[in-house]
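Taken in sequence, the protein lines are chains A and B. For the first sequence, counting from 1, position 126 maps to 126 in the numbering used here; every step adds exactly one. Count along the second sequence from 1, then add 144; that gives the number in the numbering used here. Glycine residues also receive a C-beta, built at the ideal position from the N, C-alpha and C atoms.
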Amino acid sequence: MSPADEGSDRNEGQISPEERAEFKRRSAEIGRRLDAARPESGKSKSAKGSQGKASNELLGRALRLSTELIGGIVVGAGIGWWLDTYLMPTVFGVKTWPLMFIVFFLLGSAAGMLNVVRSGMKMKTGPSDPTKGKPVPDDEDGVI
Amino acid sequence: MAADGHGHSPIEQFEIKELLPIDIFGIDASLTNSGAYMLVALGLIFGFLYFSTGGRSLVPTRLQSISELIYEFVANTVRENVGSQGMQFFPLVFSLFIFVLVLNLLGMIPIPGVTFTVTSHIAITASLALMVISIVVFYGLYKHGLGFFKIFVPSGVPLALYPLLIPIEIISFISRPISLSVRLFANMLAGHIALKIFAGFIGVLLGAGVWAVLAPLPLALTVALTALEVLVAVLQAYVFAVLTCIYLSDAVHGSH
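See the structure below:
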């Protein structure tokens, strides 16, 4: 069917039964073709997209994990140092250096590890994957 | 050789310059190059979003589809990480994402003597991170009351381990704003310093007689680094938005 034919059909506003049948057949045909084409194109597109996304996300993850560990250690050591140098001597009048620093440094290292493991778990369950969006809360229950 | 002249120090680009001295009752509120860059970024963001969505056509124009893509990207990030209840925080996450993104990218445009990367200063990134974490804490307290603090109590663990695990959880929570701000600031700072140093090698080698034949090497590296830095600029804005979402999800969903 040429575009000119379609144009004249529309202009007349009258469709003969044969044309109606023909139109139905064509619309069913195009529906079938769309159904056949859609999952394929969707699949290939998402596969390609997720691959490109994956490499970007991997870099993002690497950058994220490195600071998680350091953040925990710095905060732990900082709290310990503050307790030793300020809170314990001035408020409680006890000389604890370097006891608190050591204890909280270790706790901070554990917290840093916890951060890394936790964000690693989140990455594994893939919060960025929309199809797996549901299981994430369940998984968190077990982990946290 | 490189020490002479100006603009060769790799950290000179981070210097804050006063452009317009403003003094409000003894508080120094001068407009600096940092502030000016932020104003430019705000103007760009507002202008772009205003004009690109002004037409509101069903079949989007190129500009409109760019802003629609950014909108959908951030909306999906929020939905995936916080859930649909988290969409009330969409304006916050979108503002943070686009603000950090535009500031990162503006810092990549070389203008001699002017270029400045706002996000390479920890004062800026720490303010953003503190704002995020305050919203998490206040919204969590508002929504769950004191039950919000249950996020510090691990579940499924013997009672005897609580004295050990609760401090660890608290330290882990406190370290969030720090790692959030340090990550963005350190990435931008280190990237720009590396760029400047490698670019500086080109000039040094060119002026070193026979060694000038080696000058194309750092040039190629600088080009590659520039591409990497653009990637990092976008990625860090994305990471900032994702982590904001993850932290907000604690406030929305409470303890597990």
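Simplified DSSP state of residue i, which is helix, strand or coil
{"i": "Thr263 (chain B)", "result": "helix"}
{"i": "Lys43 (chain A)", "result": "Its pLDDT being 49, under 50, Lys43 (chain A) is placed unreliably in this model, and the value from its coordinates should be taken loosely. In the structure shown, Lys43 (chain A) sits in a helix (DSSP, three-state: H, G or I)."}
{"i": "Ile255 (chain B)", "result": "coil"}
{"i": "Ile168 (chain B)", "result": "strand"}
{"i": "Leu372 (chain B)", "result": "helix"}
{"i": "Thr90 (chain A)", "result": "helix"}
{"i": "Glu159 (chain B)", "result": "coil"}
{"i": "Leu202 (chain B)", "result": "coil"}
{"i": "Thr96 (chain A)", "result": "coil"}
{"i": "Thr269 (chain B)", "result": "helix"}
{"i": "Lys48 (chain A)", "result": "In this predicted model, Lys48 (chain A) has a pLDDT of only 47, less than 50, meaning its place in the structure is not dependable; the value taken from the coordinates is given anyway. If DSSP states are grouped into helix, strand and coil, Lys48 (chain A) belongs with the helices."}
{"i": "Glu18 (chain A)", "result": "helix"}
{"i": "Leu392 (chain B)", "result": "helix"}
{"i": "His397 (chain B)", "result": "helix"}
C-beta atoms of residue i and residue j nearer than 9 angstroms
{"i": "Leu272 (chain B)", "j": "Leu328 (chain B)", "result": "yes"}
{"i": "Phe234 (chain B)", "j": "Val218 (chain B)", "result": "yes"}
{"i": "Thr261 (chain B)", "j": "Leu274 (chain B)", "result": "no"}
{"i": "Gln208 (chain B)", "j": "Val396 (chain B)", "result": "no"}
{"i": "Gly335 (chain B)", "j": "Leu372 (chain B)", "result": "yes"}
{"i": "Pro362 (chain B)", "j": "Phe342 (chain B)", "result": "yes"}
{"i": "Ala267 (chain B)", "j": "Pro321 (chain B)", "result": "no"}
{"i": "Phe279 (chain B)", "j": "Leu236 (chain B)", "result": "The amino acid occupying residue 279 (chain B) in the given sequence is Ile; Phe does not appear at that position. It is a contact, given that the beta carbons lie within the stated cut-off."}
{"i": "Ile70 (chain A)", "j": "Gly112 (chain A)", "result": "yes"}
{"i": "Leu183 (chain B)", "j": "Ser211 (chain B)", "result": "no"}
{"i": "Leu163 (chain B)", "j": "Ala185 (chain B)", "result": "no"}
{"i": "Thr388 (chain B)", "j": "Met252 (chain B)", "result": "no"}
Classification of residue i by the beta-carbon crowding that lies within 10 angstroms, buried from 16 upward
{"i": "Phe169 (chain B)", "result": "exposed"}
{"i": "Tyr86 (chain A)", "result": "exposed"}
{"i": "Glu68 (chain A)", "result": "buried"}
{"i": "Gly300 (chain B)", "result": "exposed"}
{"i": "Glu159 (chain B)", "result": "exposed"}
{"i": "Leu114 (chain A)", "result": "buried"}
{"i": "Thr176 (chain B)", "result": "buried"}
{"i": "Glu224 (chain B)", "result": "buried"}
{"i": "Tyr286 (chain B)", "result": "exposed"}
{"i": "Asp84 (chain A)", "result": "buried"}
{"i": "Ile284 (chain B)", "result": "Reading off the sequence, residue 284 (chain B) comes out as Gly, not Ile. Buried: at least 16 other Cβ atoms inside 10 Å."}
{"i": "Leu333 (chain B)", "result": "buried"}
Would you call the region 308 to 316 of chain B and the region 68 to 79 of chain A touching, i.e. three or more CB-CB distances under 8 angstroms? yes
I'd like to know if the region 356 to 371 of chain B and the region 383 to 390 of chain B are in contact, where contact means that at least 3 CB-CB pairs between them fall below 8 angstroms. no
Touching or not, the region 60 to 71 of chain A and the region 105 to 121 of chain A, by the rule of three or more beta carbon pairs under 8 angstroms? yes
Under 8 angstroms: do the region 234 to 254 of chain B and the region 183 to 198 of chain B share three or more Cβ pairs, one atom per stretch? yes
Let me know the alpha helix (DSSP H) ranges lying completely inside the region 297 to 377 of chain B, each 4 residues or longer, listed in chain order. 306 to 350
Cβ contact check for the region 153 to 173 of chain B and the region 336 to 351 of chain B: 3 or more pairs under 8 angstroms: yes
Residue ranges of each alpha helix (DSSP H) run of no fewer than 4 residues wholly in the region 188 to 248 of chain B, ordered along the chain? 206 to 226
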